[in-house]
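Participant: Supplied in structure tokens, the structure appears directly below.
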Amino acid sequence: MIQIAGYILTLLYACNLFFPALFRTIPSVIPALAGHAAFGIFALLLARGARRTSNHFLYFLRLITAALSTGLITILADRFAQVYFPEHNALFTYATSIALIAGLSMITGCSQDLVMQAMTANDSKGFDPSEQKGNPPRDPSGKKTNLFGVPFQPLSYRMHPIVGIVVGILTIGVTFFSTMFFRFSHGLYGQAFIVLAFIAFRDTPAPQGKPLTSVRLIALRRRIANTLFEDTLAFRRALMSLSALTLVFLLLSKIPGSPTKLMTPQMTGCLFALPLALLLPEFKEPPSPTRRRITYSALAICYAVLFAIRLLVEQR
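Written out as structure tokens, the structure reads:
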């Protein structure tokens with residue numbers, strides 16, 4: 004249901020782009036807020052999907068392919084139907100956000116590798132830092148914790164940790180530059196929105212203590228389990244982090260002489276996705292190949308159909 008709501012809001016926003024005369028009787032802020040809410044919904048879906056997928060490189064390729072296909076249609080619509088698009092489509096932002104998450108994960112993962120190598124070198128010399136007074140005991144399992152949880156070695160390719168850190172920094176730099184230079188939808192705010200949502204969706208530890216006895220709390224948790232968040236802690240993390248992000252970007256955009264327009268007040272509509280995602284259930288079953296193709300091509304198909312209708316209307 005949450006995905007269907009995103010499609011409806013996207014359609015409303017796209018219709019306003021292709022047929023603005025039909026929306027002159029309503030405030031222009033309504034279609035704009037619909038577009039921002041749709042961006043927020045699919046940003047949350049993308050962050051959740053990045054947690055569940057086992058092949059993030061393929062995830063990126065599908066998104067960038069869909070973005071290029073949609074971008075081609077927008078170029079044709081601008082050329083032959085004079086349809087104005089203020090920014091490149093949001094699929095570019097989604098794709099670069101996956102690359103940004105991968106770059107951050109490479110840095111954190113490779114940094115952990117450097118620490119593990121240093122600890123192993125110390126152990127080989129007969130020195131155990133965990134035995135020093137005041138140091139916590141080392142985890143005997145030797146497992147590493149990863150803040151982001153995305154494999155930092157694409158296609159199982161092994162690289163030196165220092166090389167991985169450099170590649171991660173370059174990846175982050177390229178994503179920031181491409182977003183600002185090509186004016187991707189929602190800019191740096193959209194990228195940060197997805198990254199923070201991704202962190203908010205991290206695994207929640209099992210609660211320790213007395214079981215719930217309140218019938219209302221049990222019913223609430225069961226209802227949230229059918230939504231995108233799956234538990235109340237993930238929703239609280241997303242609400243606090245994304246609200247703080249929006250406030251920070253709003254304040255930064257008010258600074259005189261800002262090099263770029265970080266965000267507009269209407270972009271706060273992205274936060275509407277949070278209550279919608281909390282109220283509307285999510286499809287829990289894995290998507291079929293047909294449904295997956297429709298998901299990635301939905302925006303391109305929507306733009307293509309509206310473009311064809313616009314051409315037919317202008318020829319009359």
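Going by our numbering, the letters in the sequence shown line up with residues 4 to 319, in that order. By construction, the Cβ of each residue, glycine as well, lies at the ideal position given by its N, Cα and C atoms. Since the structure is predicted, the reported quantities are computational estimates derived from the model, not experimental observations.
Using three-state DSSP, classify Phe-187 as helix, strand or coil.
Facilitator: DSSP places Phe-187 in strand when its eight states are reduced to three.
Participant: When the Cα of Ile-197 is compared with those of Thr-99, Asp-81 and Ala-280, which residue comes out closest?
Facilitator: For Ile-197, the nearest C-alpha among the options comes from Thr-99.
Participant: Out of Thr-230, Ile-165, Phe-286 and Leu-94, point me to the one whose CA is closest to Gln-120's CA.
Facilitator: Here the closest residue by C-alpha is Ile-165.
Participant: In or out: Leu-66 buried (at least 16 other Cβ within 10 Å) or exposed?
Facilitator: Its Cβ being crowded by 16 or more others within 10 Å, Leu-66 is buried.
Participant: Taking 8 Å as the threshold (C-beta atoms), are Thr-77 and Cys-305 in contact?
Facilitator: Contact: no.
Participant: By Cβ distance below 6 Å, which residues in the same chain neighbour Asn-19 in space, the five residues on each side in sequence not counted?
Facilitator: Once the five neighbours on either side are set aside, the close Cβ partners of Asn-19 are Phe-26 and Pro-34.
Participant: On the three-state DSSP scale, how would you describe His-39?
Facilitator: Residue state, collapsed to three classes: helix.
Participant: Is His-163 helix, strand or coil by DSSP?
Facilitator: Residue state, collapsed to three classes: coil.
Participant: Hey, how far is the Cα of Leu-283 from the Cα of Met-4?
Facilitator: Leu-283 and Met-4: Cα-Cα distance of roughly 6 Å.
Participant: Could you check the C-alpha separation between Asn-229 and Gly-43 for me, to the nearest Å?
Facilitator: Rounded to whole angstroms, Asn-229 to Gly-43 spans 19 Å at the Cα level.
Participant: Where does the unbroken alpha helix (DSSP H) through Val-308 begin, and where does it stop?
Facilitator: Taken as a continuous stretch (DSSP letters only), the alpha helix (DSSP H) holding Val-308 covers 292-318.
Participant: Where do the ends of the alpha helix (DSSP H) carrying Phe-59 lie?
Facilitator: The sequence as given places His at residue 59; Phe does not occur at that position. From DSSP, the alpha helix (DSSP H) with His-59 extends over 59-83.
Participant: Could you tell me which of Ala-40, Leu-48, Ile-7 and Leu-36 sits nearest to Phe-204, measuring between CA atoms?
Facilitator: Nearest C-alpha to Phe-204: Leu-48.
Participant: Less than 6 Å between C-beta atoms, sequence neighbours within five positions excluded: which residues of the same chain meet that for Phe-252?
Facilitator: Around Phe-252: Tyr-192, Leu-265 and Met-266.
Participant: Shortest alpha-carbon distance to Met-109 belongs to which of Ile-168, Pro-290, Gly-272 and Ala-70?
Facilitator: Residue Ile-168 is the option with its Cα nearest to Met-109.
Participant: Please determine, among Met-122, Tyr-299 and Leu-314, the residue with the shortest C-alpha to C-alpha distance to Ala-93.
Facilitator: For the residues Met-122, Tyr-299 and Leu-314, the minimum Cα distance to Ala-93 belongs to Tyr-299.
Participant: Would you kindly work out how many angstroms separate the C-alpha atoms of Ile-297 and Ile-258, rounded to a whole number?
Facilitator: So the two alpha carbons sit approximately 42 Å from each other.
Participant: Using a threshold of 8 Å, state whether the C-beta atoms of Leu-103 and Thr-178 are closer than that.
Facilitator: Closer than 8 Å, so yes.
Participant: Looking at the secondary structure, which residues open and close the alpha helix (DSSP H) in which Ala-241 lies?
Facilitator: Looking at the DSSP string, the run of the alpha helix (DSSP H) that includes Ala-241 is 235-256.
Participant: What's the C-alpha gap between Met-270 and Ala-41?
Facilitator: Each residue's Cα considered, the two are about 11 Å apart.
Participant: Which residues in the same chain as Gly-106 place their Cβ atom closer than 6 Å to its Cβ, once the five residues preceding and following it in sequence are excluded?
Facilitator: These residues qualify, in order along the chain: Gly-171, Thr-174 and Ile-175.
Participant: Tell me whether the beta-carbon of Phe-238 lies closer than 8 Å to the beta-carbon of Leu-281.
Facilitator: Closer than 8 Å, so yes.
Participant: For Arg-141, count neighbouring C-beta atoms within 10 Å of its own C-beta (all shown protein chains included) and say buried if the count is 16 or more, exposed if not.
Facilitator: Note that Arg-141 scores a pLDDT of 47, beneath 50, so its modelled location is shaky; the value from the coordinates is reported in the next line. With fewer than 16 other Cβ atoms within 10 Å, it is exposed.
Participant: Return the residue from the list Ile-29, Ser-72 and Ala-8 that minimises the CA-CA distance to Leu-302.
Facilitator: Among Ile-29, Ser-72 and Ala-8, the Cα nearest to that of Leu-302 is on Ser-72.
Participant: Pick out whichever of Pro-292, Phe-286, Phe-88 and Glu-90 has its Cα sitting closest to the Cα of Phe-232.
Facilitator: Comparing Cα-Cα distances from Phe-232 to each of Pro-292, Phe-286, Phe-88 and Glu-90, the minimum goes to Phe-286.
Participant: Within 10 angstroms of its Cβ, does Thr-96 collect 16 or more other Cβ (buried), or is it exposed?
Facilitator: Looking at its Cβ environment, which holds 16 or more other Cβ atoms inside 10 Å, Thr-96 is buried.
Participant: Given a threshold of 16 other Cβ atoms within 10 Å of its Cβ, counted over all protein chains shown, does Ala-222 qualify as buried or as exposed?
Facilitator: With fewer than 16 other Cβ atoms within 10 Å, it is exposed.
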